[in-house]
Amino acid sequence: MASTLVFIPAWNEEANLPAVLDDLQAVLPDADVLVVDDGSTDRTADVAREHGADVLSFGENRGLTAGIAAGYAAALERGAEFCGRVDADGQHPAAELERLLTLVQSGGCDVAVGSRFVSGDGYAPYRYKPSNPRRFGSAVLRRSMGVVLGQPFADATSGLWAVNAKALPLLAKPFTTEAPEVEALIRVTDAGLRLAEVPVDMAQRASGESKLRGSKAAKVVLTVAGALVVAKFVSSRRR
-15 MASTLVFIPA
-5 WNEEANLPAV
5 LDDLQAVLPD
15 ADVLVVDDGS
25 TDRTADVARE
35 HGADVLSFGE
45 NRGLTAGIAA
55 GYAAALERGA
65 EFCGRVDADG
75 QHPAAELERL
85 LTLVQSGGCD
95 VAVGSRFVSG
105 DGYAPYRYKP
115 SNPRRFGSAV
125 LRRSMGVVLG
135 QPFADATSGL
145 WAVNAKALPL
155 LAKPFTTEAP
165 EVEALIRVTD
175 AGLRLAEVPV
185 DMAQRASGES
195 KLRGSKAAKV
205 VLTVAGALVV
215 AKFVSSRRR
């Protein structure tokens, strides 16, 4: 068994999965790949198997929060030393995940998150231009995360992650908010794990429409940001 598991939460992504899986196979041929099929009504599960991935299928649509937790739980159960996550829509190049995994595997951090909004060597500022509602929601969430984490974090909703085994027990637990990535960041920070936000390039969704878009995305971000700040404040008062 490979020491690295890469999982992909997927709901009705039969059109996008082949390219995602082929990319992972080309760049990370030694990693195990798991598609967490969230009750898809199309051929998502069949396509995943046809392209060599393992499949964990839910009997019904349970949402992204359940899919993410199940992916980390699978890595924990398999005894994986490292775990990566990419989305099924083609936004996350395997080469960028490889960079994150290399950073974690070398001991540079326990958790590496790919960011569209931070710059670095070869990654220019403002290279990613979200829609106005997403830009507004991301700005509010970024400020909220600064309060909650006690450190700046620019891309709190990124789905491109690499973690080591220390993080798996934290991330395999069920998520309780509509923003599992944000909740995961809080868990990692509270546990004292080393967290790195790494500049990456991301593509637009290969086909289809985002399930969280426009004003709905901004509303969810505002709701979750407010709830998390309150929860963090209450938690600190209890200590």
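For the sequence shown, position 9 matches number -7 in the working numbering, and the numbering has no gaps at all. Beta carbons are placed, not taken as given, at the ideal position from N, Cα and C, and that holds for glycine.
Annotated three-state conformation of Ser128 is helix, per DSSP.
The stretch 44 to 51 makes contact with the stretch 152 to 166: 3 or more CB pairs, one atom from each, lie closer than 8 Å. Taken in chain order, the complete beta strand (DSSP E) segments of 3 or more residues contained in the stretch 9 to 90 are 16 to 21, 38 to 41, 66 to 69. The C-alpha of Trp145 is placed about 22 Å away from the C-alpha of Glu(-2). Judged by beta-carbon spacing, Val(-10) lies within the 7 Å limit of Val17, meaning their Cβ atoms are closer than that value.
Comparing C-alpha distances from Val147 to each of Ala57, Val124, Arg126 shows the shortest one belongs to Ala57. For the set Ser128, Asp30, Asn(-4), the Cα lying nearest the Cα of Arg46 is the one of Asn(-4). Here the stretch 171 to 191 lies against the stretch 97 to 106, with 3 or more beta-carbon pairs under 8 Å apart. Counting every other CB atom within 10 Å of its CB across the protein chains shown gives Arg127 a total below 16, marking it as exposed. In the pairwise beta carbon analysis, the stretch 28 to 35 is classified as not touching the stretch 126 to 143: fewer than three pairs are separated by under 8 Å. Exclusion of the five residues before and after Gly68 leaves Val(-10), Leu81, Leu85, Ala146 as the residues of its chain whose Cβ lies within less than 6 Å of its Cβ. For Glu181, the enclosing beta strand (DSSP E) stretches over residues 179 to 183. For Pro164, the enclosing alpha helix (DSSP H) stretches over residues 164 to 174.
For Pro153, the enclosing alpha helix (DSSP H) starts and ends at 152 to 155.
Ala29 places its beta carbon 7 Å or farther from that of Leu5. When rounded, the separation of the alpha-carbon atoms in Leu8 and Asp21 is 17 Å. Nearest Cα to Phe120 within the set Asp185, Pro109, Ala108, Asp139: Asp139. Residue state for Ala(-6) is assigned as strand, using DSSP reduced to three classes.
Inclusion of Ala156 and Leu60 in the CB contact set at 7 Å is warranted, their separation being smaller than that value.
The three-state reading of DSSP puts Ala146 in strand, counting E and B together.
Look at Ala187 here: in three-state DSSP terms it is coil, with no helix or strand label.
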